[in-house]
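What follows is a short report on a single structure.
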Amino acid sequence: MTSVGRLVVIEGLDGAGKRTLTDGLTAALRAKGASVAKLAFPRYGESVHADLVREALHRGHGDLADSVYGMAVLYALDRRGAADEIRALRDAHDVVLLDRYVASNAAYAAARLRQDAGGEVVKWVWELEVGRFGLPRPDAQLLLRVAPAVAAERAERRAEEETDRERDAFETDDALQRRCAAVYDELAAAGWLAPWHVLDGVAGVDHDALAATLLG
Ligand SMILES: Nc1ncnc2c1ncn2[C@@H]1O[C@H](COP(=O)(O)OP(=O)(O)O)[C@@H](O)[C@H]1O
Ligand SMILES: Cc1cn([C@H]2C[C@H](O)[C@@H](COP(=O)(O)OP(=O)(O)O)O2)c(=O)[nH]c1=O
1 MTSVGRLVVI
11 EGLDGAGKRT
21 LTDGLTAALR
31 AKGASVAKLA
41 FPRYGESVHA
51 DLVREALHRG
61 HGDLADSVYG
71 MAVLYALDRR
81 GAADEIRALR
91 DAHDVVLLDR
101 YVASNAAYAA
111 ARLRQDAGGE
121 VVKWVWELEV
131 GRFGLPRPDA
141 QLLLRVAPAV
151 AAERAERRAE
161 EETDRERDAF
171 ETDDALQRRC
181 AAVYDELAAA
191 GWLAPWHVLD
201 GVAGVDHDAL
211 AATLLG
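FYI, the UniProt record's numbering numbers position 131 of the sequence shown as 131, with every residue one higher than the one before it.
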């Protein structure tokens, strides 16, 4: 298969099923002969910026976690550190699946500041990450849409099943998750950053059909 290097982002609430979709889609794409690489953000355990995020979300660290812009800069720096890797993976594979990307920062920062997708922080995230850091724009963004209550239930169950998967400060904030869901819907409707495909994460996603669509 010729290398078209599609950069495909998977977005959605905590517990929406992004990791599950990433794995299922990877298998479906590979079954069609495509070479696939995956990367998940934040890159916990692999970047100092991501580790600072994790410590802030789980342990507080003074008021760092309360600083919306401070946290957003850390997430963005984690991605900037992976920019060369993303480009190299894109050059070497048919599809690169990114579990969260720039739109996560836009959605969570706007939700935390009670702004909508047209707000100041969403523009700032684009300018910082694409403008100043030069991160590549994706070819497609998949919004895995589930009701916030369903996502919270799934995240809770996962935390019970996986002992190393403790829920963090954003995940357990139901009001934040509801605002975040609304911002995601607006970002998708506006085609923010790149084209979006909205997927029904409750009905379940047909991985084979989605893989065929992505491979065009
Ligand atoms: N379509 C689905 N239906 C029911 N449960 C699901 C579905 N997709 C994922 N899950 C479960 O929900 C939990 C969260 O899924 P996960 O993929 O880890 O979410 P995310 O990466 O978006 O936080 C996991 O326990 C997973 O097994
Ligand atoms: C990647 C990213 C995540 N986030 C938020 C979403 C999540 O609530 C939180 C942690 O990401 P998450 O995907 O939950 O990591 P993991 O599943 O490995 O625990 O960070 C941002 O606010 N901005 C970003 O750029």
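For every residue, glycine included, the Cβ atom is placed at its ideal position computed from N, Cα and C.
Owing to the predicted nature of the structure, the values given are computational and were not obtained by experimental measurement.
By alpha-carbon positions, which one of the options ends up nearest to residue i?
i: A212; options: D174, F170, K32 and V8; result: K32
i: R80; options: E55, W126 and G118; result: W126
i: V202; options: D164, C180, P148 and Q177; result: P148
i: A140; options: V122, R157, V102 and E153; result: V102
i: D208; options: L29, F133 and R19; result: L29
i: P136; options: R178, V122, I86 and A107; result: I86
i: G204; options: W192, R6, L7 and T20; result: T20
i: D84; options: G134, D174 and Y108; result: G134
i: A88; options: A181, L7 and A107; result: L7
Leaving out five residues on either side along the sequence, give the residues of the same chain with a beta carbon under 6 Å from the beta carbon of residue i.
i: R112; result: V68
i: R154; result: G15
Could you name the residues of the same chain whose beta carbon sits closer than 8 Å to that of residue i, not counting the 5 residues immediately before and after it, in chain order?
i: T22; result: I10, K38, A40, L97 and D99
i: S3; result: Any reading at S3 needs caution, since the residue's pLDDT is 44, under 50, leaving its predicted position unreliable; the model's value is listed next. Result list for S3: S35, D91, A92, H93 and D94, in chain order.
i: M1; result: A caution first: M1 carries a pLDDT of 45, below 50, which makes its placement in the model too unreliable to give a value.
I think residue i touches residue j, with their Cβ atoms under 8 Å apart; what is that distance to the nearest whole Å?
i: A56; j: A65; result: 4 Å
i: V146; j: L13; result: 7 Å
i: L193; j: L142; result: Contact flag wrong, Cβ pair sits at about 13 Å.
i: V122; j: A106; result: 5 Å
i: L144; j: K18; result: 6 Å
Among residues of its own chain, excluding the 5 on either side of residue i, which ones have a beta-carbon nearer than 7 Å to its beta-carbon?
i: L128; result: A76
i: T172; result: none
i: E166; result: H58 and A159
Determine, using beta carbons only, whether residue i comes closer than 7 Å to chain C.
i: G12; result: Within the model displayed, chain C is absent; a lone protein chain is all it includes.
Original post:
How do the region 115-125 and the region 178-196 stand: do at least 3 beta-carbon pairs fall below 8 Å, yes or no?
Top reply: Result yes; three or more Cβ-Cβ pairs closer than 8 Å.
Subject >> Given 8 Å, three or more beta-carbon pairs between the region 150-163 and the region 80-93 >> reply: Because the criterion of three Cβ pairs below 8 Å is not met, the region 150-163 and the region 80-93 do not touch.
Subject >> Start-end ranges of the beta strand (DSSP E) lying completely within the region 118-153, minimum 3 residues >> reply: Listed in chain order, the beta strand (DSSP E) elements of length 3 or more contained wholly in the region 118-153 are 140-145.
Original post:
Could you give the uninterrupted runs of the beta strand (DSSP E) lying entirely in the region 81-106, keeping only those of 3 residues or more?
Top reply: Qualifying beta strand (DSSP E) stretches, in chain order: 95-99.
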